[in-house]
Structure formats: C-alpha cells, structure tokens
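Asks: Residue numbers (this note's numbering), protein chains in the order written: chain B, 1 to 407; chain X, 408 to 814.
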C-alpha cells in the first residue's frame, strides 16, 4: 500500500536520535514505489495532534545528511502522556484526522519506554478505527533502560562522553602535587548504566576510583572509609555517582544524606554536592562536585561511530519492515557476541517494551558495590567504538538548515 | 656548548601543554650534537628544587607521541611562587645544584605569566652565578591573558570546547516546545577571552544569546530586560558568563549580586547560580546553571589541530633557539593575517611577559556589553580550526605510560 510517512521524536534528546531520523528519511526517499511524502512531527505527538508537520524535500538531502552529527531532537521533542482512548478521545481523533489529511500510512515514533507506550496506544487505536497504517517504534535513550533490546541507540555516545570525561578529569587532577576529591554526578535516576560507563576509562590507566549506581544501596560510612584510603594512597580520588543512588531503605541520598549547616539548615544541591559537603565535613578534605549536565546527552563532538551507525540502521530497518507489512513492533538490537562485537536487528511487541525500566544486572556491579565488573566492561566497550569524521567546518559542528523550518 | 635539557610545567593545565612538552622532547632528541639527556621536572620548579626529575629515553618515543593528545600536565605541574633571591637563597642554590649535578645547560619552563616570572628570576640568577645555561619560557594558558603574544597555546582548544558545547546545549534546549534559560559559567576571573569564545558558536546558527565578560561592567537590570525579551521571543535563552564579571564599582557579581533567601541567608554558588536565582525570582522563569569546570581545560577529545600544532612548534622553537644561543626570552606568536590565517614565531624578553594580564580590547565587545564583535570572531575563529586524528583506541583517549613514572 503506497502512502506517506510520519516520524516523531519524543522524550529527552540523545546524541544520535537525529541519526535514526536520518535513517527513516533516507530509506523513505529510497522507496518511491511505496512511500510518497515524508513528514516530521513538530514536537512529537503534539505535532500530529495539532497537524503541525514539517514536510521534507529530497532536494535537501545534502543538508539533511548533517543530522548524523546534530545534537538535540532536531524536529522537536515533547514529554506528553497520551491518555487512554477512553479518557481522551479528542487526541486520537486529531491524530487520525492528521493521518487522513496527509495520506499517511507509515507511522514511526522514536523514544524511550514512555514513547513506546504512546506508540502502542496509537497502533491499537488505528487498528480499532480500521485505518490502515503501519506503526513502528524506534528505540532511543541515553539511559539504556529499555527492555527487549541489548542496548539503546544514544547510550554508546553518552557512555563515550562520560568515559573520556572521567579520563580527562583524572589526568587533570593527577597534574597537581596534591590532588582533590572530585565527585562527578551523572544522569540516571533509577538505572546505573550511564554512571557505570565511567568505569570504561580504567582501560586508559586513569579514570574513577569509585562508582556508585542506584541498583545497590549506598553506604555512607563505607564511602568515607574508601575515600580516605584512596586519597591517602594516591593524593587524589575521583568518584562517579548516579544522581539517583539510594540508601538501604531505598531513600534518595540527595534527600536523606544531607547534613545540616552550622545554622541548622539543610544545604542545597544534588547528590554530588551532598557527598562533597559530607567529605569536607567528615574527612576535612576539599571535595569538588562536577555535573556533566546537558553535555552528556548532546555530545555529538565525541560520537561513537558504532552508536551512530546502529541508530541510522534502526531507522532504516523500521521503514524496510513497515513496507513488508510489519506493524506494532519496536526495532531491537540482539547481541550475538562481545569479541568480536556482532549484533543483528530484531523486533519485539510494542507493549512488551512500553513503560518497563531495565536496570543493571547485579553481576555487572562489584561485590563492594563501588565499581563495575569485567562483565560490564565487555558489554559496554564495543558500544563506544569508532570516530565520526567530517563533522566540523572551521572547528564547529555544522547542523542542517532546512527552509521554512530553522532558516 | 653541549649539555642536558630540563623542562617543567607550571600553573593550571591546558589541553596542549603536553604538546609543547612533546615539541621540546622531540627537538632535543633530534639534536644529539648539542643535547645529551632530556629531563622533566616532576611538578615544575619543585622538581628542580628537590632534584625530583624524570629522565626520558629515546626508546620510548612512540609512547611519548601520545603526549599530543594527553590532558593535564603530564609531568606534574605546581603553583609555587619563587621568592626573590634576597628572600630565599635556598631555592636558587638547590636549583643550581640540580643543574650542575645533571650537567644541564638548557632550561625550559612552560606556563603563564607567573611562570614567566619564575623563569625570569632563574635566568637572572644563573647569569649572576656565572652558570652557563640557556633559559627559555614557553607560553601556556587557556585564559589567553599573556602579554607579548597574539594568543597562547591552550586557548584555541578550550575555545573550541566552549564554542561547540554552547552549540550543543542550545540545540538540546531548542528541542523542547518551551525551552529554558541556561546560564553557562566559564573560567576567567579577570579576562573574558574564554567566555567570548562562546560567541563563535553563532556561526552554526545556534549558540548563546548573551555573553558577559569581566572587562566591562555588568548591569543586572539590563540583564533582566534582555533575558525577558529573548525568552519571550525564542522560548529559550542561552547565556555565557565569565566567573569574574563585576558591577560598575568593580565588585564581583558572585559576591554582590546575591539576593537573600526567605530566611535572610545569602545563597551559595558561583556567578552562574547567582544569576539563575535572580532570574527565577525576578522573572519567574526557571533558569539552570551549567559549569564547564575541568572539562574546559582538559578537552583533548576536541583539540584544535591548529592549537596543538602551534604548541608543539613553540616547544621545538624553544630548543632550536637555545641551541643558537638565545636565552632570557619567551617564544611568542605574531599574527600576520586573519584570512588566510598566517603567523610566525618571535621572542620577547621574559620580564616583559611576566606578571602582566592581557585583557580583551573593548572593540571586541559589543556596545551593549552583552556579546562579542566581528573583530573577535575574526581573531578567534582560526584558532579552533582542524581536527586531530588517531587519538582514540577502542573509543578512549590513549595516553603515554612511561616506565618508572606512571607505570
């Protein structure tokens, strides 16, 4: 069935979500017998609801190629919880109206577990409404917490940023006769995959001394003992900590770990600041917090070529399968081996991927709960591999400028 | 006169100080008629005072090549104010003893304006003591605030990091239907060169809306008006601010700009946090601070090939000139043209470079005091140009491991 394509981006940006967009766009342009026009939702599902679309032209293919190294969600993302059909018919009718108006019969949605829930709901609605449309989910999240897939596009590049940043910071700190305790706070409220990637730096001979993830309880007293021991021995100490680490009761350390200042007020700040304050007070050692903030998810200047390649392949695969009649699925990566790294693309039902959070297995975390195991290194190392060339012009990342959209 | 070489690193690290070290080392190895052994001071002048040296071997040249993409000050830096000879004879006698013991007649010191002061003092002392030794200063600072040179090695790479980081953050922020006010705090207590480099991002079509440097007074009321106007128009606002911006009385904003919280206590944080708190309170808009912290000076993963090349050339030039008998000088870069970018290496007297801080000229700052001018762009753009290849192995920066030193 010939029809037009719609594609949307959803949830927090990753460094390679636009590579998946590029895969969809290129494969759609490559299949003129099946696909006519290519539309992007402006700000994800809100764009479909409001008929706010960006129509792409094959004439702009050269400009669109720059998507492979463009940070952010270039066509606009959104965090919007699509209600059940019974609670909010209006959204579904608006989406259907947009699809009909533009003769769209291929629907691709690129995001994490919440976005797969949106995608699943739309698929079930369209079947019920009798509107012929292939619906496929394209995975994306730097957090790597999606079920059904070995890993998610976006994770490899953020992991590479974090591993190299930890190496850089440790070498900087090692310059001084007396270094510092430096505590790097890394994204991940419930899953430690990103923070764990700091451990890859150890292959360089530098990197973090201690790594704390939310999957296992954080012990403040043991933390003090470890920091003191390492600092006395090395004259420096580098720590990677997930924003969402918890104590043995499951309470967030950034909430319960705070000591009061001399006026009896709780100090402000995330877990990095909280731990630094505690190290200063308890051990009398100056500790400095570092937050990677937006840089850890917008780090196109240090993309993993492997990650970018997989992101684009998955976008292409979504289009290929939809043309073959597949629908209601998310594209998944199945790992075949670590060394050499081999994988194949598969699919899973959208409702099997939606809403679940995949955490790190305990055999990737060391028994002391303060580092990663070799099993994690073997898992993560292939995902940060390879450099992307020709991204810069005059020393700056160059991104697409599309007529009528951003220029 | 044949003799051995000593080289030391001093002050805060930069991303290319180890490229200057590599230049010295390679050029020294290349001149066996004039130079015998090559010694590195362990932690700068303290290493010379304590006879704590690292002797390098030509056999390790391949490993040493990795210095070109190694962050930090690989041989150890130091912040040590060498007193005048009249105040502390002991240090000078210790240095002389080390030089004599190891038959050293070539002395190279790599750092900023304080380090050039150290270098100048040692040069004058050795002349007075009648010890034959060529003494040459090698410039380095990410702050770009050294006199006598068009720019300093280290600035280009940090400027490239900042420009690309600002572009990445703006694209991330642009993803959302409603973006945020994001305030990036950048190093530079007295000179705005680094913060100004954020303006280079504008060539990509993205980047900061407002840039504030310490050379001109910061006006809080005008700041609120500008942020409000930009946020209303663009639904996002990105700001680059030097840590050392001051008000019209010359007082640091991070000290005087703080509002009291509802309990009457001054809030903590640097200027980024202070401005965010004020935007939240005054405009009712959520503002988030970002600090680039160590990443802005240890960013070897995004080195400017031009900066790295110049850093190595300057190290080589120091050795070449010293063999020709030059002493008491710092190597300088003289710009011949912006487009195409051309330069030559010259020298200046050490005492002309020592201790002074070069600030941005006012014609590089716009009349509104909230952005840079085209003159700054033309000045800085050539310095961030070119990519460095082959720095990674399995996705990680690979750094030297020298027997008896760090392995």
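Just so it is clear, CB atoms sit at the ideal spot from N, CA and C, and this is done for glycine as well.
Computed from a prediction, not measured in an experiment: that's the story for all the values here.
Please report the straight-line C-alpha distance between residue 86 of chain B and residue 703 of chain X, rounded to a whole angstrom.
Replies: Going by the C-alpha atoms only, they are around 51 Å apart.
Asks: Closer than 9 Å by beta-carbon distance: list the chain B residues that pair up with residue 792 of chain X, in chain order.
Replies: Under the 9 Å cutoff, chain B gives 392, 394, 395.
Asks: Is there contact between the segment 417 to 433 of chain X and the segment 636 to 654 of chain X, where contact requires at least three CB pairs shorter than 8 Å?
Replies: These segments do not touch.
Asks: For residue 563 of chain X, report the span of its beta strand (DSSP E) as first-last.
Replies: Premise fails: residue 563 of chain X lies in the alpha helix (DSSP H), 562 to 581, not in any beta strand (DSSP E).
Asks: Just verifying my parser: in three-state terms, what is the DSSP assignment at residue 731 of chain X?
Replies: Looking at residue 731 of chain X - three-state DSSP - the assignment turns out to be coil, as it is neither helix nor strand.
Asks: Give the interface partners of residue 647 of chain X over in chain B, defined as CB-CB distance under 7 Å, in chain order.
Replies: Correct list: empty, because the minimum Cβ distance to chain B is about 14 Å.
Asks: To the nearest angstrom, how far is it from the Cα of residue 456 of chain X to the Cα of residue 499 of chain X?
Replies: Computed Cα separation, rounded: 8 Å.
Asks: Indicate whether the contact test is met: 3 or more Cβ pairs, each with one atom in the segment 293 to 308 of chain B and one in the segment 145 to 161 of chain B, closer than 8 Å.
Replies: With a cut-off of 8 Å, the segment 145 to 161 of chain B and the segment 293 to 308 of chain B count as touching, because enough Cβ pairs lie within range.
Asks: Verify the CB distance criterion: does residue 71 of chain B have a CB-CB separation below 7 Å to chain X?
Replies: Cβ-Cβ to chain X under 7 Å: yes for residue 71 of chain B.
Asks: Using a cut-off of 7 Å between C-beta atoms, extract the partners of residue 325 of chain B located in chain X.
Replies: Ordered by position in chain X, no residue passes the 7 Å Cβ test against residue 325 of chain B, which lies about 32 Å from the chain.
Asks: Could you spell out where the alpha helix (DSSP H) holding residue 506 of chain X opens and where it closes?
Replies: Start and end: 496 to 508.
Asks: Please go through the segment 425 to 502 of chain X and give each complete alpha helix (DSSP H) segment of 4 or more residues, from N-terminal end onward.
Replies: List check, alpha helix (DSSP H) in window: 451 to 456, 468 to 471.
Asks: Within 10 angstroms of the Cβ of residue 407 of chain B, are there 16 or more other Cβ atoms? Answer buried if so, exposed if not.
Replies: So residue 407 of chain B counts as exposed.
Asks: Determine the direct distance from the alpha carbon of residue 764 of chain X to that of residue 115 of chain B, and round the result to whole angstroms.
Replies: Cα to Cα, the separation comes out at about 53 Å.
Asks: With a cut-off of 8 Å on the beta carbons, I'd call residue 624 of chain X and residue 655 of chain X a contact; round off their distance for me.
Replies: About 4 Å separates the two Cβ atoms, so the contact holds.
Asks: Kindly list the residues whose CB is nearer than 6 Å to the CB of residue 335 of chain B, restricted to its own chain and excluding five residues on each side of it in sequence; keep chain order.
Replies: Excluding sequence neighbours, residue 335 of chain B sits near 150, 343.
Asks: Give a yes or no on whether the minimum CB-CB distance between residue 143 of chain B and chain X is below 7 Å.
Replies: Taking Cβ atoms only, chain X never reaches closer than 7 Å to residue 143 of chain B, which makes this a no.
Asks: In its own chain, which residues sit with a C-beta less than 6 Å from the C-beta of residue 355 of chain B, not counting the 5 before and 5 after it?
Replies: Contacts found: 113, 117.
Asks: Would you verify that the beta carbon of residue 151 of chain B is, or is not, closer than 7 Å to some beta carbon of chain X?
Replies: Residue 151 of chain B does not count as touching chain X.
Asks: Between the segment 573 to 588 of chain X and the segment 714 to 724 of chain X, do three or more beta carbon pairs fall short of 8 Å?
Replies: No, they do not touch.
Asks: When you compare the CB positions of residue 380 of chain X and residue 446 of chain X, do they come within less than 7 Å of one another, or not?
Replies: There is no way to answer for residue 380 of chain X, as the model of chain X reaches only from 408 to 814.
Asks: What residues of chain X sit near residue 407 of chain B, judged by a beta carbon separation below 9 Å?
Replies: Chain X residues near residue 407 of chain B: 612.
Asks: Let me know if residue 425 of chain X comes out buried or exposed under the rule of 16 or more other beta-carbons within 10 Å of its beta-carbon.
Replies: By the neighbour-count rule (16 or more Cβ atoms within 10 Å), residue 425 of chain X is buried.
Asks: Any beta-carbon of chain B closer than 7 Å to the one on residue 705 of chain X?
Replies: By this cut-off, residue 705 of chain X is an interface position.
Asks: Quick check on residue 279 of chain B - is its C-beta less than 7 Å from some C-beta in chain X?
Replies: Judged by the 7 Å Cβ criterion, residue 279 of chain B is not in contact with chain X.
Asks: Looking at the secondary structure, which residues open and close the beta strand (DSSP E) in which residue 754 of chain X lies?
Replies: Per DSSP, residue 754 of chain X belongs to the beta strand (DSSP E) from 749 to 756.
Asks: Listed in chain order, which residues of the segment 587 to 599 of chain X have Cβ atoms closer than 7 Å to some Cβ of chain B?
Replies: Under the 7 Å Cβ criterion, the segment 587 to 599 of chain X contributes no residue.
Asks: Give the residues of chain X in contact with residue 399 of chain B, contact being defined as C-beta atoms less than 9 Å apart.
Replies: In chain order: 574, 578, 611, 612, 613.
Asks: Residues of chain X with CB closer than 7 Å to the CB of residue 200 of chain B, please, in chain order.
Replies: 803, listed in chain order.
Asks: Under the rule that 16 or more other beta-carbon atoms within 10 Å means buried, what is residue 582 of chain X, buried or exposed?
Replies: Burial call: buried.
Asks: Residue 570 of chain X touches chain B at which residues, Cβ-Cβ below 8 Å?
Replies: Residues of chain B passing the Cβ test: 395, 396.
Asks: So what does DSSP say about residue 406 of chain B, is it helix, strand or coil?
Replies: Note: residue 406 of chain B maps to coil in three-state DSSP.
Asks: For residue 325 of chain B and residue 134 of chain B, I'd like the C-alpha separation in whole angstroms.
Replies: Going by the C-alpha atoms only, they are around 7 Å apart.
Asks: State the Cα-Cα distance for the pair residue 359 of chain B and residue 214 of chain B, rounded to the nearest angstrom.
Replies: Going by the C-alpha atoms only, they are around 9 Å apart.
Asks: Going by CA-CA distance only, name the one from B:51, B:16, B:177, B:4 that's closest to residue 106 of chain B.
Replies: Among B:51, B:16, B:177, B:4, the Cα nearest to that of residue 106 of chain B is on B:4.
Asks: Report yes if the C-beta distance between residue 330 of chain B and residue 137 of chain B is below 7 Å; otherwise report no.
Replies: Their beta carbons are under 7 Å apart, which means residue 330 of chain B touches residue 137 of chain B by this criterion.
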